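J.: Sharing a structure here in structure tokens format.
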Amino acid sequence: MNAILQVSRYIYQHNPWYSVPFKFVQAFVYQLRKRFVQHLSTKKLFNGYKSYLFAHNPITSALVYTDIPDKTEIYALRKFADSETIFLDIGANVGLYCLFLADIVKDFYAFEAHPETAKCCKMNFALNNLNENRLIEMAVSNNNTPIYFSNKDKASPINHIVNSKEDAITVMATTLDQFVQSCDFNKETKFILKIDVEGHEYEVFEGAKAFLQHHAIKAIIFESFSVKNNEIIALLQALGFKTQPIGSNNILAFKQA
């Protein structure tokens, strides 16, 4: 019953009133199909790409409940994106943000540490004839060492870095500084970022100080769940970024041209 209430609330909050009844019908049919049909369905996105609707993955389920999940955030990133921009998706899950931006950016890289989730992300890239090598199967943190990562349901969007090995798997971590250095990007390369790491945002920024200082970063959207949000915002503002809330639980940092 709680799940039904959550879905109902989401549909009401993320759709114009006139499409709510239709979305309820879609949701009902989708839930029936999940239970009785083994074949994976796909959903066409607004920019022509497609995504698989993975069972038990609330991020792809949201594609049924509304046309563009995280619509405010997606449109904001598309505003800063162009054919000279590279998109870095930190905590990519099944790669939806990459799909929402792939039509207008120069290139993209998706970081996803959980092997089952990464497999789903690769499937989405293959479905759209996108380069599967743009998936980096690593966590992003402030060091380049093995770390513990929670191991909840397959492709769960709330899997994250943890301190204990209990009910966890071991994955490799990297820093954005190390990644950017290894790619040897031109200094004129422009970037936009999305960071969704379930409270580990400060460590991601801590491992990206050189990147933030020496590269052209147009915009960053990150979750506001970190207990060190004030430190993150102070760091970004010191580097010339303006910051503002966006969506329900996110912050947009950007530099004006």
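In terms of this note's numbering, the sequence shown opens at residue 26 and continues consecutively. Yeah, the Cβ is synthetic: ideal placement off N, Cα and C, and Gly gets one too. All figures in this text were calculated on a predicted structure; none of them were measured in a lab.
1) Please classify Arg159 as buried or exposed, where buried requires at least 16 neighbouring CB atoms within 10 angstroms.
2) Residues bridged to Ser4 by DSSP?
3) Pick from Ile271, Ser207, Phe174, Gly73: whose alpha carbon is nearest that of Glu223?
4) For Ser207, count neighbouring Cβ atoms within 10 angstroms of its own Cβ and tell me buried if that reaches 16, exposed if not.
5) Please report the straight-line C-alpha distance between Asn211 and Asp202, rounded to a whole angstrom.
6) Can the beta-carbon of Val196 be found less than 8 Å from the beta-carbon of Ala233?
7) If you check the beta carbons only, do Lys215 and Glu109 fall under 8 Å apart?
8) Starting from Asp202, follow the beta strand (DSSP E) in both directions and report where the run begins and ends.
9) Along the chain, where does the beta strand (DSSP E) containing Thr214 start, and where does it finish?
10) For Leu57, does the count of other Cβ atoms within 10 angstroms reach 16, so buried, or fall short, so exposed?
11) Rounded to the nearest angstrom, what separates Asn176 and Ile194 at their Cα positions?
12) Specify the secondary structure class of Met148 as computed by DSSP and reduced to three states.
13) So, under 8 Å CB-CB, Phe133 and Cys123 are touching, yes? Tell me the CB distance rounded to an integer number of Å.
14) Identify every residue that forms a DSSP beta bridge with Ile111.
15) Please report the straight-line C-alpha distance between Gln281 and Ser251, rounded to a whole angstrom.
16) Count the other CB atoms within 10 Å of the CB of His139; is the residue buried (16 or more) or exposed (fewer)?
17) Tell me which residue opens and which closes the beta strand (DSSP E) that Ala244 is part of.
18) Does the beta-carbon of Ala87 have 16 or more other beta-carbons within 10 angstroms, so that it is buried, or is it exposed?
19) Hey, how far is the Cα of Phe71 from the Cα of Lys219?
20) Taking a contact to mean a Cβ-Cβ separation below 8 Å, would you say Ile161 touches Leu121 in this structure?
21) Quick check on the DSSP output: the alpha helix (DSSP H) that includes Gln281 runs from which residue to which?
22) Which one or two residues does DSSP pair with Thr268 in a beta bridge?
23) Does Leu102 pass the burial test, meaning 16 or more other C-beta atoms within 10 Å, or should it be called exposed?
24) Can you round the beta-carbon distance between Phe279 and Ala244 to whole angstroms, since I take them to be within the 8 Å contact cut?
T.: Quick look at the numbers:
1) As a position in the sequence shown, residue 159 is number 134, starting the count at 1. By the Cβ-count criterion, Arg159 is buried, with 16 or more other Cβ atoms from all chains shown falling within 10 Å of its own Cβ.
2) Only positions 26 to 282 of the chain appear in the structure, and residue 4 is not among them; the question remains open.
3) Against the sequence shown, residue 223 aligns to sequence position 198. Per the C-alpha coordinates, the member of Ile271, Ser207, Phe174, Gly73 positioned closest to Glu223 is Phe174.
4) Here residue 207 refers to the residue found at position 182 when the sequence shown is read from its first residue. So Ser207 ends up on the exposed side.
5) Counting from one through the sequence shown, the residue named residue 211 turns up at place 186. Counting from one through the sequence shown, the residue named residue 202 turns up at place 177. A straight line joining the alpha-carbon of Asn211 with that of Asp202 spans about 14 Å.
6) As a working note, residue 196 is residue 171 in the sequence shown. As a working note, residue 233 is residue 208 in the sequence shown. In this structure, Ala233 does not lie closer than 8 Å to Val196 by Cβ.
7) Position 190 of the sequence shown, counted from the start, is the residue given in the question as residue 215. Position 84 of the sequence shown, counted from the start, is the residue given in the question as residue 109. With respect to the 8 Å criterion, Lys215 and Glu109 are classified as neighbours on the basis of their beta carbons.
8) Working through the sequence shown from its first residue, we reach residue 202 at position 177. Premise fails: Asp202 lies in the alpha helix (DSSP H), 201-208, not in any beta strand (DSSP E).
9) Residue numbering aside, residue 214 sits at position 189 when the sequence shown is read from its first letter. Annotation for Thr214: no beta strand (DSSP E) segment contains it, and DSSP assigns it neither H nor E.
10) In the sequence shown, counting from the first residue as 1, residue 57 sits at position 32. Exposed: under 16 other Cβ atoms inside 10 Å.
11) The residue you call residue 176 lines up with position 151 of the sequence shown. The residue you call residue 194 lines up with position 169 of the sequence shown. Looking at the two C-alpha atoms, the distance is approximately 6 Å.
12) What you label residue 148 is simply residue 123 of the sequence shown in a count that begins at 1. It is helical.
13) Here the question's residue 133 lines up with position 108 in the sequence shown. Here the question's residue 123 lines up with position 98 in the sequence shown. Their Cβ separation, rounded to whole angstroms, is 5 Å, which keeps Phe133 and Cys123 in contact under 8 Å.
14) Looking up residue 111 in the sequence shown gives position 86. Residue pairing by DSSP places Ile111 opposite Asp132, Phe216 in a beta bridge.
15) For the purposes of this step, residue 281 is taken as residue 256 along the sequence shown, with counting starting at 1. For the purposes of this step, residue 251 is taken as residue 226 along the sequence shown, with counting starting at 1. The alpha-carbon of Gln281 is positioned some 25 Å away from that of Ser251.
16) Taking the first residue of the sequence shown as position 1, residue 139 is located at position 114. With at least 16 other beta carbons inside 10 angstroms of its own, His139 counts as buried.
17) Here residue 244 is taken as the residue at index 219 of the sequence shown, counted from 1. Unbroken beta strand (DSSP E) run through Ala244: 241-248.
18) Residue numbering aside, residue 87 sits at position 62 when the sequence shown is read from its first letter. Ala87 should be labelled buried.
19) For the purposes of this step, residue 71 is taken as residue 46 along the sequence shown, with counting starting at 1. For the purposes of this step, residue 219 is taken as residue 194 along the sequence shown, with counting starting at 1. Taking C-alpha positions only, Phe71 is separated from Lys219 by approximately 19 Å.
20) Taking the sequence shown and counting its residues from 1, the one referred to as residue 161 is at position 136. Taking the sequence shown and counting its residues from 1, the one referred to as residue 121 is at position 96. In terms of Cβ geometry, Ile161 and Leu121 do not form a close pair [threshold 8 Å].
21) Taking the sequence shown and counting its residues from 1, the one referred to as residue 281 is at position 256. Counting along the chain, Gln281 falls outside any alpha helix (DSSP H), and DSSP gives it neither H nor E.
22) Locating residue 268 in the sequence shown gives position 243, counting from the first residue. DSSP links Thr268 through a beta bridge to Ala278.
23) Start at 1 with the first residue of the sequence shown, and residue 102 comes out as number 77. Here Leu102 is buried, its C-beta having at least 16 other C-beta atoms within 10 Å.
24) Taking the first residue of the sequence shown as position 1, residue 279 is located at position 254. Taking the first residue of the sequence shown as position 1, residue 244 is located at position 219. Rounded, the Cβ-Cβ distance is 4 Å, consistent with contact.
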